[in-house]
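Participant:
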Amino acid sequence: MAWKYLYWEDVEEGQELPTVTMNITCTTVIAGAIASRDFTPVHHDRDFVQKAGLKDILLNNATICGFVGKYLTDWTGPEGELKEISFRISTPCFPGDTMTKTGKVVKKYTGGDQHLVDVEYEFAVPQGRNCGGTGTIALPTRGH
Numbered sequence: 048m049a050w051k052y053l054y055w056e057d058v059e060e061g062q063e064l065p066t067v068t069m070n071i072t073c074t075t076v077i078a079g080a081i082a083s084r085d086f087t088p089v090h091h092d093r094d095f096v097q098k099a100g101l102k103d104i105l106l107n108n109a110t111i112c113g114f115v116g117k118y119l120t121d122w123t124g125p126e127g128e129l130k131e132i133s134f135r136i137s138t139p140c141f142p143g144d145t146m147t148k149t150g151k152v153v154k155k156y157t158g159g160d161q162h163l164v165d166v167e168y169e170f171a172v173p174q175g176r177n178c179g180g181t182g183t184i185a186l187p188t189r190g191h
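Residues are numbered in our numbering as their position in the sequence shown, beginning at 1, plus a constant of 47.
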């Protein structure tokens, strides 16, 4: 498999990141909870959540944060280095939802010897905004 590399010189402020969609399944929700050692019943027990008045089990924060990191590094390629991620959860994500991931470069700059970009991103589900936030990523340059 050939890797795609994104270089700092090729990025512009205002540039849109690719829109990516992901179908969320029960397996996605439960596997993410297990992988992050989150055994809270809202992430695996449908009877529990429905008795509590929720529609279904829901994606946990650690899994969503992992999806954020993957979305950003899939865009940059293997040389992009995540320096910082922030996110705020809004609307739950349930099995059967399609998550739509979008983003935009809001700043391009140097810091010390690093070539950085700040990105704002948003993940949406049919019910509304699932999460959004910012990420700072160091990118390689063509000369290095």
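Cβ coordinates follow ideal geometry from the N, Cα and C atoms, glycine included.
(1) Tyr118: buried (16+ other C-beta within 10 angstroms of its C-beta) or exposed?
(2) Please list the segments of the beta strand (DSSP E) lying wholly inside the region 88-153, counting only runs of 3 or more residues, in order along the chain.
(3) Whose C-beta lies closer than 6 Å to the C-beta of Glu56 among residues of the same chain, with five residues either side of it excluded?
(4) Please classify Phe170: is it buried, with 16 or more other beta-carbons within 10 angstroms of its beta-carbon, or exposed?
(5) Could you check if Phe141 is buried or exposed, using at least 16 other CB atoms within 10 Å of its CB as the buried criterion?
(6) In this structure, does DSSP put Gly157 in helix, strand or coil?
(7) Alpha carbon to alpha carbon, how far is Met48 from His90?
(8) If we call anything under 7 Å between Cβ atoms a contact, is Thr87 one with Ile184?
(9) Using the DSSP secondary-structure output, state which residues sit across from Asn70 in a beta bridge.
(10) Excluding the 5 residues preceding and the 5 following Thr68 in the sequence, name in chain order all residues of the same chain whose CB lies nearer than 6 Å to its CB.
(11) Can you round the beta-carbon distance between Leu105 and Val152 to whole angstroms, since I take them to be within the 8 Å contact cut?
(12) For the beta strand (DSSP E) containing Gly175, list its first residue and its last residue.
(13) Quick one, which of Asn107, Leu186, Ser137, Gly100 has its alpha-carbon nearest Cys73's?
(14) By alpha-carbon positions, which one of Val58, Tyr54, Gly175, Thr66 ends up nearest to Val115?
Facilitator: Inspection of the coordinates gives the following:
(1) Residue numbering aside, residue 118 sits at position 71 when the sequence shown is read from its first letter. Tyr118 should be labelled buried.
(2) 128-136
(3) Numbered from its first residue, the sequence shown carries residue 56 at position 9. Hits under 6 Å: Arg189.
(4) Reading the sequence shown from its first residue, position 123 is the one you call residue 170. Result: buried.
(5) Within the sequence shown, the letter at position 94 stands for residue 141. Phe141 is buried by the Cβ-count criterion.
(6) For this step, residue 157 is matched to residue 110 along the sequence shown. Just to set this straight, residue 157 is Thr in the shown sequence, not Gly. Here Thr157 sits in strand by DSSP.
(7) The count along the sequence shown starts at 1 and reaches residue 48 at position 1. The count along the sequence shown starts at 1 and reaches residue 90 at position 43. Unreliable positioning characterises Met48 in this predicted model, as indicated by a pLDDT of 45, which lies under 50. The coordinate reading is nonetheless provided below. Their backbone Cα atoms lie some 34 Å apart in a straight line.
(8) Here residue 87 refers to the residue found at position 40 when the sequence shown is read from its first residue. Here residue 184 refers to the residue found at position 137 when the sequence shown is read from its first residue. Not closer than 7 Å, so no.
(9) Stepping through the sequence shown from its first residue, residue 70 is reached at position 23. According to DSSP, which records beta bridges pairwise, Asn70 is partnered with Thr145.
(10) Along the sequence shown, one-based indexing puts residue 68 at 21. Once the five neighbours on either side are set aside, the close Cβ partners of Thr68 are Thr145, Thr147.
(11) Within the sequence shown, residue 105 is the residue found at index 58, counting from 1. Within the sequence shown, residue 152 is the residue found at index 105, counting from 1. In fact, because the Cβ distance is near 30 Å, the residues do not count as touching under 8 Å.
(12) Here residue 175 corresponds to residue number 128 of the sequence shown, with the count starting at 1. From DSSP, the beta strand (DSSP E) with Gly175 extends over 175-186.
(13) Locating residue 73 in the sequence shown gives position 26, where the first residue counts as 1. The shortest C-alpha separation from Cys73 is found at Asn107.
(14) Taking the first residue of the sequence shown as 1, we reach residue 115 at position 68. Among Val58, Tyr54, Gly175, Thr66, the Cα nearest to that of Val115 is on Thr66.
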